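Below is one structure, written out as structure tokens; comments come after it.
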Amino acid sequence: MVSFPRQAYISFLCAALFYLYQFILRVSPSVMVSDMMTAFHIDAVGVSLLSSIPLYAYSLMQIPAGIFADTFGVRRCLLMSIFLCMSGAFLFGIAEHFWVAICARLLVGIGSASAFLSVAKVALEGFGAKNQSLFFGFAMVAGTIGALNGGNAIALFLEYLTWREVILILGAFGSLVWILNFYGLKKKKKISSLEVLEKKLEGETLKASSSLMAIIKTPQCWISGIVALGMYSCLSVLADLWGISFCMQAYAITRMEAAQLTSLIYVGLCLGSLVIPFLSDRVFSKKSLIIVGALGILLSLILIGVLTNPSLLVVGSLFFSIGFFIGAELLCFTLACEAGPKGSEGTITGFINGIIMMGGALLQYFFGLILEHNWQGQVSALGTPLYSKEAYYQALLLLVVVLVLSIIGALFISKNPIRPRQ
């Protein structure tokens, strides 16, 4: 059995802790929708914008974050990213105006852009390419734990604290994450001179630009990205933002119960992310599993929309099913890497991630627009808009359409793609 240095495990755990932390920050708005409406005097569109802003920043910063990590080292990249995330949390917690809250969420998005990339680099440096996929799975589990328990913990804290106090606590937790990474990550050699740094930065930028142009010209990378976006849509819209509000309205349950219900999407994802890739290597083709996964998500979503007065057990099972089948999304990354230019796997991953996050941000926004369009004028005791069950069902049709397009796109995925030349 191969043994690895103790430092490799420490570095990986520190990087994975940041991945977990940024997931908590990402899902936090879903638990405090009404609180944000009251604090910033906004409607569903405003809430969608607050939640989606980090995703826009995340997608646009994928390539720059990779260049930064390659030039300055993963330790510097991680410490800067954690600092931006915790600063965004502190700023959001004290924000009195909507534009300040937007800026705060933007900082969180920029900071979180390097999270998965950094974990990947730490795993590669510490455990080698042969074991990188295994530690990818561990990182995904860490992120899932953050999303799964983050929503439930925030909902519990909101029973006793204000939403601002909860966000400030998250900022303080970020300080702890920064300290652990500062001491846990191994320091690299100091950069010798500014001239050497400039040449290295220029070289990494040219390399990334060349790879990106080759990827853009590869249709299979676009198809894989669009299919992955369709499968990710339920996670972005339901698990990350509107799922708790939907469950509270549709099933007349408390915020805590709704948080527990929607967290089952992440429980399913945790299992599906391990089982589906395992099956793809031994039993079924990646393409067939992607199609089955997309169909499974679509069927589960349709059942949520058409079943009248289902039990919470049934709803929870459907949410779990959605999460499980979303696990097939990881296969889109593998297929894109097989189809794209050789040696550009990191850039391809960033490209697919960018499509997913940008698309997820737009879907959150359009979901909010549909809710606002179907608003019947009802307000809560605090004066915030209340959206009917029917309004949510209308908005869910958006996800149905996206999933249908994803299934159609999956039919055009090539089983034996020809790599382009750079």
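In this note's numbering, the protein residues as written are 2 to 423. Each residue gets a CB set at the ideal place from its N, CA and C atoms; glycine is no exception. On a predicted model such as this, the values are computed, not experimentally measured, just so you know.
Mind checking phenylalanine 279: buried by the 16 CB within 10 Å criterion, or exposed?
With fewer than 16 Cβ atoms within 10 Å of its Cβ, phenylalanine 279 is classed as exposed.
Measuring only the C-alpha atoms, how far is phenylalanine 413 from leucine 171?
43 Å
What are the start and end residues of the alpha helix (DSSP H) that includes isoleucine 160?
Correcting the residue type first, residue 160 is glutamate in the shown sequence and not isoleucine. It is not in any alpha helix (DSSP H) - glutamate 160 carries neither H nor E in the DSSP assignment.
Leaving aside the five residues before and after alanine 253 along the sequence, list all residues of the same chain whose C-beta is less than 8 Å from its C-beta, in chain order.
By the criterion of a C-beta distance shorter than 8 Å, alanine 253 is surrounded by no residue of its chain, once the five residues flanking it on both sides are discounted.
Rounded to whole angstroms, how far is the Cβ of lysine 187 from the Cβ of serine 12, which I believe are closer than 8 Å?
6 Å
Specify, as a first and last residue, the run of the alpha helix (DSSP H) that tyrosine 22 falls within.
7-32
Report the three-state DSSP secondary structure of proline 386 (helix, strand or coil).
strand
Count Cβ pairs between the region 83-96 and the region 396-413 that sit closer than 8 Å; are there 3 or more?
When C-beta atoms of the region 83-96 are compared with those of the region 396-413, fewer than three pairs fall below 8 Å, so the two segments do not count as touching.
Rounded to whole angstroms, what is the Cα-Cα separation between phenylalanine 73 and glycine 204?
Their backbone Cα atoms lie some 13 Å apart in a straight line.
In three-state DSSP terms, what is valine 120?
helix
Cβ atoms of alanine 90 and glycine 152: under 8 Å apart, would you say?
no
Around the C-beta of glycine 354, are 16 or more other C-beta atoms found within 10 angstroms, so that it is buried, or is it exposed?
Reading off the sequence shown, one finds asparagine at residue 354, where the question assumed glycine. Buried, since its Cβ has 16 or more Cβ neighbours within 10 Å.
On a Cα-Cα basis, can you pick out the residue from Gly127, Pro55, Ala260, Leu239 that is closest to alanine 105?
Pro55
Roughly how many angstroms separate the alpha carbons of phenylalanine 5 and lysine 122, rounded to a whole number?
16 Å
Tell whether a beta-carbon distance below 8 Å holds between phenylalanine 99 and glycine 47.
yes
Decide if threonine 255 is buried, meaning its Cβ has at least 16 other Cβ atoms within 10 Å, or exposed.
With fewer than 16 other Cβ atoms within 10 Å, it is exposed.
Do you know offhand how far leucine 387's Cα is from methionine 62's?
35 Å
Let me know the beta strand (DSSP E) ranges lying completely inside the region 204-248, each 3 residues or longer, listed in chain order.
none
Identify which residue in Ile68, Ala140, Gly410 has its Cα closest to the Cα of alanine 209.
Of the candidates Ile68, Ala140, Gly410, the one whose C-alpha sits nearest the C-alpha of alanine 209 is Ile68.
Can you tell me which of the three DSSP states valine 380 falls into?
strand
Which class does valine 284 belong to by DSSP, given the choice of helix, strand or coil?
coil
Tell me where the alpha helix (DSSP H) around alanine 114 begins and ends.
No alpha helix (DSSP H) contains alanine 114, which DSSP labels as neither H nor E.
So, valine 316 versus leucine 262, is the Cβ gap smaller than 8 Å?
Yes, the Cβ-Cβ distance between valine 316 and leucine 262 is below 8 Å.
Between the Cα of valine 268 and those of Pro311, Gly328, Ser225, Ala16, spot the shortest distance and give me the residue it belongs to.
Gly328
Note down the Cα distance separating leucine 404 from phenylalanine 183, rounded to an integer number of angstroms.
42 Å
I'd like to check one pair, valine 238 with phenylalanine 320: are the Cβ atoms closer than 8 Å?
In this structure, valine 238 does not lie closer than 8 Å to phenylalanine 320 by Cβ.
Under a three-way DSSP split, which group does methionine 62 fall into?
coil
Let me make sure I understand the geometry here. Which of Ile266, Asn150, Pro342 has the alpha-carbon closest to that of glycine 324?
Ile266
So, at 6 Å on beta carbons, what are the nonlocal neighbours of leucine 372 in its own chain, with the 5 sequence-adjacent residues on each side left out?
Sequence-distant partners of leucine 372 (beyond 5 residues in either direction) whose C-beta falls short of 6 Å from its own C-beta, in its chain, are Ala45, Tyr388, Ala392, Ala396.
Is it the case that the region 328-343 contacts the region 11-30, given that we only count it when at least three CB pairs across the two stretches are under 8 Å?
no
Hey, glycine 147 and isoleucine 25 are a contact pair by Cβ (cut 8 Å); roughly how many whole angstroms apart?
Yes, they are in contact, since the Cβ atoms of glycine 147 and isoleucine 25 sit about 5 Å apart, within 8 Å.
Are the beta-carbon atoms belonging to glutamine 365 and serine 52 less than 8 Å from one another?
Cβ distance < 8 Å, so glutamine 365 and serine 52 count as in contact.
Spatial neighbours of methionine 359 within its chain, please: C-beta separation below 6 Å, excluding the five flanking residues on both sides.
Ser60
Would the beta-carbon of methionine 249 fall within 8 Å of that of isoleucine 298?
no
Whole alpha helix (DSSP H) runs in the region 322-384 with 4 or more residues, listed along the chain?
330-340, 346-374
Can you round the beta-carbon distance between methionine 87 and serine 274 to whole angstroms, since I take them to be within the 8 Å contact cut?
Actually they do not touch by this definition, with Cβ atoms about 27 Å apart.
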